[in-house]
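Residue numbers (my numbering), protein chains in the order written: chain A, 13 to 128; chain B, 13 to 128. The next block holds one structure in the form of structure tokens; read it before the comments.
The structure is reproduced here in structure tokens:
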């Protein structure tokens, strides 16, 4: 559970930055070298590398170096971590709404009006 | 688009903390006063209030004060903001996989093996 919570911390934190989201968006279209990722971002390379490090530690991306080129790949399984968490919250919240609705329908007067 | 990006920043940032997620999880079960929210969290009240402020500024929750009691409510529409963003990325990524699969199937040798 602690690991799960720490993973959620990392993924939510990684996606809370527009540059990191732009990198993720680019990698959804396919792998890219660090140079290709840096091109559209008007930022110093060390800053880009820091962002890539945050994304790698959140496991949203992985990278491999072949020769002198480091290529980054998306790891979409990390999306599932936060989708799963949101899905669970949504389920609890919707169950509460269902119970409220059932309660309102069960009221003799208001139930009748609600049914029309 | 800038507003959308800023909203994503705020919601992802708000959810990148286990205490704030615990508050959201509690509010999925229904509204709660600040006192009720603070009870299970072993934290000083000013810290809790700071977390609530982050959640309110992300619009994941809203609060209202009646008399001396401030009650917090979930605003689940904020979940939709990040679900929408993730959904878009997933679509791009899945389209890429579909194209790759179609390409592999179109190869005379490997396509035959893949089909078995």
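We put the CB at the ideal spot given by N, CA and C, even for glycine. The structure presented is a predicted model; accordingly, all values stated were derived computationally and were not measured.
Minimum Cβ-Cβ distance from residue i to chain A less than 9 Å
{"i": "residue 98/B", "result": "yes"}
{"i": "residue 127/B", "result": "For residue 127/B, the pLDDT reaches just 49, beneath the cut-off of 50, and the residue's location in the model is therefore unreliable, leaving the point undetermined."}
{"i": "residue 84/B", "result": "no"}
{"i": "residue 88/B", "result": "yes"}
{"i": "residue 17/B", "result": "yes"}
{"i": "residue 94/B", "result": "yes"}
Any non-hydrogen atom of the ligand ATP closer than 8 Å to residue i Cβ
{"i": "residue 92/B", "result": "In the structure shown, the ligand ATP is absent, as is every other ligand, since no ligand is present at all."}
Strand pairing of residue i, partner residues [DSSP]
{"i": "residue 85/B", "result": "74/B"}
Residue-chain proximity (residue i, chain B), Cβ-Cβ < 9 Å
{"i": "residue 25/A", "result": "yes"}
{"i": "residue 121/A", "result": "no"}
For residue j and residue i, believed in contact at Cβ under 8 Å, the rounded distance
{"i": "residue 29/A", "j": "residue 29/B", "result": "Contact doesn't hold; Cβ gap of about 15 Å is too wide."}
{"i": "residue 98/A", "j": "residue 91/B", "result": "5 Å"}
{"i": "residue 27/B", "j": "residue 38/B", "result": "The Cβ separation is near 14 Å, so there is no contact."}
{"i": "residue 64/B", "j": "residue 75/B", "result": "7 Å"}
{"i": "residue 43/B", "j": "residue 83/B", "result": "5 Å"}
{"i": "residue 73/A", "j": "residue 67/A", "result": "5 Å"}
{"i": "residue 88/B", "j": "residue 102/A", "result": "7 Å"}
{"i": "residue 69/A", "j": "residue 23/A", "result": "With a Cβ gap of about 10 Å, residue 69/A and residue 23/A do not count as contacting."}
{"i": "residue 80/A", "j": "residue 108/B", "result": "Not quite, the Cβ-Cβ distance comes to about 26 Å (not below 8 Å), so this is no contact."}
Per-residue contacts from residue i into chain B (C-beta, under 8 Å)
{"i": "residue 37/A", "result": "101, 104"}
Beta-carbon neighbours of residue i, restricted to chain A and to distances below 9 Å
{"i": "residue 29/B", "result": "21, 24, 25"}
9 Å Cβ cut-off: residues of chain B touching residue i
{"i": "residue 33/A", "result": "17, 20, 21, 24, 97, 101"}
Closer than 7 Å at the beta carbon, the chain A residues around residue i
{"i": "residue 41/B", "result": "104, 108"}
Within the region 27-51 of chain B, note down every full alpha helix (DSSP H) run reaching 4 residues or more, in order along the chain. 30-40, 46-50
In chain order, each beta strand (DSSP E) run of at least 3 residues that lies wholly inside the region 95-121 of chain A: Within the region 95-121 of chain A, no run of beta strand (DSSP E) reaches 3 residues while sitting entirely inside it.
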